[in-house]
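To start, the structure itself, in structure tokens.
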Amino acid sequence: MSVQILNSPRARGLMVLTAHPEGCRVLAERQIARAKAAFTKPLAAAEGKTALILGSTTFGYGSSTAIALKEAGFSKIIGLGYETPPTFRKEKVAMAPAGWYLTAALHNAYPGQRTYFADGFADETRDRVIADLKEAGDGIDLLLYSVAAPRRTHLGETWSSALKVIGEPLDVVGLDYSSGEHKEVSLEPASELEIEQTRRVMGGDDLDLWANALLYAGLANPGFKVASLSYIGPEFEPLRRIYWDGALGGAKKHIDETTRSLNARLDSGLGGAAFTSMNPAVVTGASVAIPAMLKYIADYLGVVDNGVGVYDDPLEVGINFARALYGDGEPWRNMLDDEGRLRLDAKELDPELQTAIGALWGDAKPGAVPERTARGLELFKKEFMQLFGWQVDGVDYDVPVDFSPALGEDQGVVHLIAE
């Protein structure tokens, strides 16, 4: 056991450099308790099923959906994420990322689960997972894709994603995390190469490789479903230009095309289905990397705190996903839009809520922010820090913690990242 007192985080803007093991454990256990309360008895259609979740190891959509599915009745969750252990250089310790401690907590709560710490884009990773599934005799009922990455390497070529607009440059008033003030942000348009590279990283190519690998290996059970967790957001400018109509949105549209193609094959072959799940905006490490998304979510939280609309955190979204797919009568079939996408974002897109958020955007000028935006940023910061185990109510940050819990084959974790 390696113990140390960690009473304050090291951070650089939106980059939190240290995670708190006990805070991560407590937060994970509270999410499990909430999911247990949501599913007082298993959903009959979920019982005994197995999910493969790509992007399961950080606090966000992937891990929350894993918890919800387990409490809904799934017998096994096989997860994958890119996590590295704590490192020791002379007398200094570099903490493991939050996903390391989250995974430790989930494996303690759910013995018999399996998680791969690996590069999910690598052919070697996919081959190893497929081989292990065959050896264990584990068929897959649900492939869940929840991957956000800055770059991808495939067949010796590396591509990088770009958070840029398409067409004309865009000037927008965003929100500065440190000062709490409005700040003008200028976004340059992506080149054709950047658009294509973003599609290569965040589009549907990798999802298609994983789905086909399971199908060709005979590991897709009857009724096999493929779901890619995505986001479309509101229609008002400038957020639509930044996200859905930007380079990243082009990649998301490619995932839509991929799931529609897979759906046609699965529906006729296995009685299965494939779709993107359009989830609502939530506080995650990935969402805040998108220009102006911080302001949007802060305004969203501030408006809800003022009594208008509803905000679902990632766990609530995961619970809604499990109920949609495996509730009585297959509710998901009546929740598809005209493009065949599962819509879990109805609460976010409520007209009254969007009107209130839009008013805050329309009045935004560089400098001081209105009270609702300030309150929303306060709520955002707390939830954001909790993603790394900080500001978790009830945790004593002056007590020494074990920062290097056992997390190997005996705990169901396979390490495939080269040191």
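In terms of numbering that gives the first Met the number 0, the sequence shown opens at residue 0 and continues consecutively.
A virtual CB, placed ideally from N, CA and C, is assigned to each residue, including glycine.
Since the model is a prediction, treat every value here as computed from it, not as a measurement.
With burial defined as no fewer than 16 other Cβ atoms inside 10 Å of the residue's Cβ, what is the status of residue i: buried or exposed?
i           : result
residue 11  : exposed
residue 87  : exposed
residue 319 : buried
residue 63  : buried
residue 78  : buried
residue 151 : buried
residue 251 : buried
residue 7   : exposed
residue 119 : buried
residue 347 : buried
residue 4   : exposed
residue 228 : buried
residue 325 : buried
residue 306 : exposed
Can you give me the C-alpha to C-alpha distance between residue i and residue j, rounded to a whole angstrom?
i           : j           : result
residue 129 : residue 14  : 34 Å
residue 380 : residue 303 : 16 Å
residue 248 : residue 242 : 5 Å
residue 183 : residue 169 : 10 Å
residue 255 : residue 198 : 12 Å
residue 9   : residue 126 : 37 Å
residue 115 : residue 101 : 13 Å
residue 411 : residue 74  : 15 Å
residue 316 : residue 60  : 7 Å
residue 178 : residue 291 : 15 Å
residue 202 : residue 155 : 18 Å
residue 333 : residue 91  : 55 Å
residue 112 : residue 310 : 30 Å
residue 298 : residue 287 : 13 Å
residue 46  : residue 361 : 48 Å
residue 357 : residue 365 : 17 Å
residue 21  : residue 41  : 29 Å
residue 339 : residue 400 : 47 Å
residue 153 : residue 123 : 11 Å
residue 134 : residue 409 : 17 Å
residue 257 : residue 398 : 49 Å
Could you tell me how far apart the beta carbons of residue i and residue j are, in whole angstroms, since I believe they sit closer than 8 Å?
i           : j           : result
residue 174 : residue 293 : 5 Å
residue 295 : residue 280 : 7 Å
residue 181 : residue 171 : That belief does not hold up - the Cβ atoms of residue 181 and residue 171 are roughly 10 Å apart, past 8 Å.
residue 50  : residue 76  : 5 Å
residue 308 : residue 374 : Not a contact, Cβ separation roughly 14 Å.
residue 274 : residue 1   : With 8 Å as the limit, residue 274 and residue 1 do not qualify as a contact, their Cβ atoms being about 44 Å apart.
With the cut-off set at 7 Å, would you say residue i and residue j are in Cβ contact?
i           : j           : result
residue 277 : residue 342 : yes
residue 406 : residue 189 : no
residue 246 : residue 193 : yes
residue 34  : residue 70  : yes
residue 393 : residue 18  : no
residue 145 : residue 200 : no
residue 323 : residue 261 : no
Please confirm if residue i has its CB atom under 7 Å from at least one CB of chain C.
i           : result
residue 270 : No chain C appears in this structure, which consists of one protein chain only.
Problem set entry | Inter-stretch contact (C-beta, 8 Å, three-pair minimum) for the stretch 97 to 113 and the stretch 27 to 35 | yes
For this session: Please determine if the stretch 137 to 152 and the stretch 221 to 238 are in contact, where contact requires at least 3 C-beta pairs separated by less than 8 Å.
Result: yes
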